[in-house]
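Only one structure is covered here, and it is reproduced in the block below.
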Amino acid sequence: MEIPQFLGRQEHEAIDSSTQEVPILPSNAIGDTQAGPPHEALFIILTYLPLLELLSMNQVCTSLRDAVNTDVLSWLNIIVEKPLNLRLCDQILMKITSKANGRLRTLALMNCARITDDALQRVIEQNPLINKLYLPACAGLTPEGVIRAVKTLSERGRGLKSIMINGIYNIHKQHLETLESYLHEMNLDRQKEQPGSWPLLYDEYMDSPTFRHDKGHIPIDLEVCPKCDEVRMVFDCPRWSCKRKIERSMTECKGCKFCILRCRECGGCVDSQEIEEAVCADILCSNCWLKLPKCNFCNKPYCRQHTNNGGCASGSAGFICEVCYNKFIVNLHSIVEVGHF
Ligand SMILES: [Zn+2]
Ligand SMILES: [Zn+2]
Ligand SMILES: [Zn+2]
Ligand SMILES: [Zn+2]
Ligand SMILES: [Zn+2]
Numbered sequence: 518m519e520i521p522q523f524l525g526r527q528e529h530e531a532i533d534s535s536t537q538e539v540p541i542l543p544s545n546a547i548g549d550t551q552a553g554p555p556h557e558a559l560f561i562i563l564t565y566l567p568l569l570e571l572l573s574m575n576q577v578c579t580s581l582r583d584a585v586n587t588d589v590l591s592w593l594n595i596i597v598e599k600p601l602n603l604r605l606c607d608q609i610l611m612k613i614t615s616k617a618n619g620r621l622r623t624l625a626l627m628n629c630a631r632i633t634d635d636a637l638q639r640v641i642e643q644n645p646l647i648n649k650l651y652l653p654a655c656a657g658l659t660p661e662g663v664i665r666a667v668k669t670l671s672e673r674g675r676g677l678k679s680i681m682i683n684g685i686y687n688i689h690k691q692h693l694e695t696l697e698s699y700l701h702e703m704n705l706d707r708q709k710e711q712p713g714s715w716p717l718l719y720d721e722y723m724d725s726p727t728f729r730h731d732k733g734h735i736p737i738d739l740e741v742c743p744k745c746d747e748v749r750m751v752f753d754c755p756r757w758s759c760k761r762k763i764e765r766s767m768t769e770c771k772g773c774k775f776c777i778l779r780c781r782e783c784g785g786c787v788d789s790q791e792i793e794e795a796v797c798a799d800i801l802c803s804n805c806w807l808k809l810p811k812c813n814f815c816n817k818p819y820c821r822q823h824t825n826n827g828g829c830a831s832g833s834a835g836f837i838c839e840v841c842y843n844k845f846i847v848n849l850h851s852i853v854e855v856g857h858f
């Protein structure tokens with residue numbers, strides 16, 4: 518099999534024709550005494566594997582472990598999310614990022630509360646080519662630490678395009694302005710998106726938090742909320758009637774999640790008389806509530822995102838939500854036993 522040129526496989530040893538028939542798992546993994554290098558195809562697959570799977574490869578066998586550890590291309594985009602995020606500490610971060618040999622492109626630490634400013638700075642100094650730096654809810658970082666990291670990137674690699682910092686405490690307007698100026702300086706040659714061409718919609722963000730950043734539509738996830746004047750994520754409203762108002766510069770329902778309640782299904786603003794609750798405790802607008810299937814017992818729906826998290830089918834007639842199942846069905850035996858039935 519031929520490896521496409523664009524993958525630039527200089528990092529691993531050339532595999533000669535005698536190894537063409539070697540299976541993906543080397544022979545010693547299936548009990549043979551002769552160990553062989555992993556099949557070339559494996560290296561193509563590695564670049565698509567999530568971090569957890571990549572690390573799991575270490576456990577399979579030594580030959581696979583060595584192959585994965587020396588394949589720099591597999592480590593250029595490091596995305597740490599659930600469940601690894603809870604266990605990621607500074608030392609592990611240093612170890613994982615060192616595998617990229619200074620060529621890291623994406624560093625996405627999603628909700629990694631144990632990472633400190635110093636560890637972030639060391640990774641940045643060793644990897645000046647980072648172009649996406651996502652640090653949402655990394656509560657162990659400070660605004661000053663993030664600014665130092667971004668400043669370092671602006672002085673060295675200058676390739677940084679996008680950062681996510683929502684959920685880091687105490688970010689004020691001055692911090693935001695400093696970060697914006699560094700990012701602006703690094704992206705002078707990029708064509709500016711038209712304001713409003715990629716609105717931030719609540720439901721889209723909840724479904725795929727990094728989407729707008731991955732596509733390069735936005736350099737920073739925070740802005741100043743027009744309602745409360747705090748630095749937060751500011752959502753736009755997809756409701757047609759509200760969009761028309763925005764065109765007339767009446768931004769009543771553009772705001773952070775603390776200022777404007779939003780429907781989990783459609784992202785539209787919901788006023789207090791209209792609020793409907795889902796089983797999963799998410800807020801819904803009455804339109805979306807009407808369209809969703811409801812629990813046979815409590816008449817509440819699940820939002821789309823949480824539909825598969827609970828709910829026990831009760832034939833074709835509907836479902837029983839997790840809450841009602843635990844309350845009525847699981848307790849049925851005890852109710853019958855103590856003679857309440
Ligand atoms: Zn606000
Ligand atoms: Zn809705
Ligand atoms: Zn609205
Ligand atoms: Zn129910
Ligand atoms: Zn929900």
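Using the working numbering, the first residue of the sequence shown is number 518, and each one after it goes up by one. Glycine included, each C-beta is placed from N, C-alpha and C at the ideal position.
Item to check | Host alpha helix (DSSP H) of Ile632 (start-end) | outcome: Per DSSP, Ile632 is not a residue of any alpha helix (DSSP H), being assigned neither H nor E.
Item to check | As assigned by DSSP and simplified to three states, the class of Asp720 | outcome: In the three-state DSSP reduction, Asp720 falls in the helix class (H, G or I).
Item to check | Pairwise C-alpha distance: Cys578 and Tyr686 | outcome: Distance between the alpha carbons of Tyr686 and Cys578 is about 42 Å.
Checklist entry - In or out: Trp806 buried (at least 16 other Cβ within 10 Å) or exposed? => result Classification for Trp806: buried.
Item to check | Contact set for Thr695: own chain, Cβ-Cβ below 6 Å, skip 5 residues either direction | outcome: These residues qualify, in order along the chain: Ile664.
Checklist entry - Helix, strand or coil: how does DSSP classify Asp753 here? => result Per DSSP, reduced to three states, the secondary structure at Asp753 is strand.
Item to check | Sub-9 Å separation of Pro645 and Thr623 beta-carbons | outcome: No Cβ-Cβ contact shorter than 9 Å links Pro645 with Thr623.
Item to check | Short Cβ contact (9 Å threshold) for Cys776 with Pro755 | outcome: Not closer than 9 Å, so no.
Checklist entry - Got a sec: does ligand 1 put a non-hydrogen atom nearer than 8 Å to the Cβ of Leu690? => result The sequence given here places Lys at residue 690; Leu does not occur at that position. When distances are taken from the beta-carbon of Lys690 to the heavy atoms of ligand 1, even the shortest one reaches 8 Å or more.
Item to check | Sequence-distant residues of its chain with Cβ nearer than 8 Å to Asp607 (five each side left out) | outcome: Excluding sequence neighbours, Asp607 sits near Arg631, Ile632, Thr633, Asp635 and Ala636.
Checklist entry - Can Leu778 be considered in contact with ligand 2, in the sense that its beta carbon sits closer than 8 Å to one or more heavy atoms? => result For Leu778, the shortest C-beta to heavy atom distance toward ligand 2 is 8 Å or greater.
Checklist entry - Looking only at its own chain, which residues have a Cβ that is under 6 Å from the Cβ of Gln643, when we skip the five neighbours before and after it? => result Excluding positions up to five away in sequence, the list reads Gly619.
Checklist entry - What are the boundary residues of the alpha helix (DSSP H) that Lys870 is part of? => result Look at the range of the chain in this structure, 518 to 858, and you will see that residue 870 is not part of it.
Item to check | Check your reading: residues with Cβ closer than 5 Å to ligand 4 heavy atoms | outcome: This criterion selects Cys812, Phe814, Cys815, Cys838 and Cys841.
Checklist entry - So, is Asp798 buried or exposed, given that buried needs 16 or more other C-beta atoms within 10 angstroms? => result The question names Asp, but residue 798 in the sequence shown is Ala. A residue is called buried once 16 or more other Cβ atoms fall within 10 Å of its Cβ, and Ala798, having fewer, is exposed.
Checklist entry - beta strand (DSSP E) containing Ser679: first to last residue? => result For Ser679, the enclosing beta strand (DSSP E) has its first and last residue at Ser679 to Met681.
Next on the checklist: What I want to know is whether the C-beta of Glu769 ends up closer than 8 Å to one or more non-hydrogen atoms of ligand 3.
Outcome noted: Yes; taking the cut-off as 8 Å, the Cβ of Glu769 has a heavy atom of ligand 3 nearer than that.
Next on the checklist: Please identify the residue among Gly662, Ser573, Met681 and Val741 whose C-alpha is closest to the C-alpha of His730.
Outcome noted: The shortest CA-to-CA distance from His730 to any of Gly662, Ser573, Met681 and Val741 is the one to Met681.
Checklist entry - Just to check, is the beta-carbon of Arg756 closer than 8 Å to a non-hydrogen atom of ligand 3? => result Yes; taking the cut-off as 8 Å, the Cβ of Arg756 has a heavy atom of ligand 3 nearer than that.
Checklist entry - Between which two residues does the beta strand (DSSP E) harbouring Lys668 extend? => result No beta strand (DSSP E) holds Lys668; the alpha helix (DSSP H) holding it covers Pro660 to Glu672.
Checklist entry - Where does Asp753 land, buried or exposed, given buried means 16+ other C-beta within 10 angstroms? => result It counts as buried.
Checklist entry - Going by DSSP, which residues form a beta bridge with Phe728? => result For Phe728, no pairing in a beta bridge is given by DSSP.
Checklist entry - How many angstroms separate the CA atom of Lys744 from the CA atom of Gln691? => result Their backbone Cα atoms lie some 18 Å apart in a straight line.
Item to check | Environment of Tyr699 [buried if 16+ CB atoms lie within 10 Å] | outcome: With 16 or more neighbouring CB atoms inside 10 Å of its own CB, Tyr699 falls in the buried class.
Item to check | Between the CA atoms of Leu603 and Leu705 - distance to the nearest angstrom | outcome: Those two C-alpha atoms are separated by around 37 Å.
Item to check | Simplified DSSP assignment, three categories, for Cys759 | outcome: If DSSP states are grouped into helix, strand and coil, Cys759 belongs with the helices.
Item to check | Residue of Leu563, Ile561, Ala795 and Gly733 minimising C-alpha distance to Leu677 | outcome: Per the Cα distances, Gly733.
Checklist entry - Since Met574 and Leu581 are thought to touch, with beta carbons under 8 Å apart, how far apart are those beta carbons, to the nearest angstrom? => result Contact between Met574 and Leu581 is confirmed by a C-beta separation of about 5 Å, below the 8 Å threshold.
Checklist entry - Taking 8 Å as the cut-off, is the CB of Cys805 close to at least one heavy atom of ligand 3? => result Cys805: no, Cβ never under 8 Å from ligand 3.
Checklist entry - First and last residue of the beta strand (DSSP E) that includes Ile595? => result Run containing Ile595: Asn594 to Val597, per the beta strand (DSSP E) assignment.
Checklist entry - What do you get for Arg707, buried or exposed, if any count of 16 or more other CB atoms within 10 angstroms of its CB means buried? => result By the neighbour-count rule (16 or more Cβ atoms within 10 Å), Arg707 is not buried but exposed.
Item to check | Range of the contiguous beta strand (DSSP E) that encloses Lys649 | outcome: Judged by DSSP secondary structure, Lys649 falls within the beta strand (DSSP E) whose first and last residues are Lys649 to Tyr651.
Checklist entry - Is the closest heavy atom of ligand 3 to the C-beta of Cys783 under 8 Å? => result No - ligand 3 has no heavy atom lying nearer than 8 Å to the Cβ of Cys783.
Next on the checklist: Considering only DSSP beta bridges, list what Val741 is partnered with.
Outcome noted: Val741 is bridged by DSSP to Val748.
Checklist entry - Which residue comes first and which comes last in the alpha helix (DSSP H) that contains Ser573? => result For Ser573, the uninterrupted alpha helix (DSSP H) run begins and ends at Leu568 to Ser573, by DSSP.
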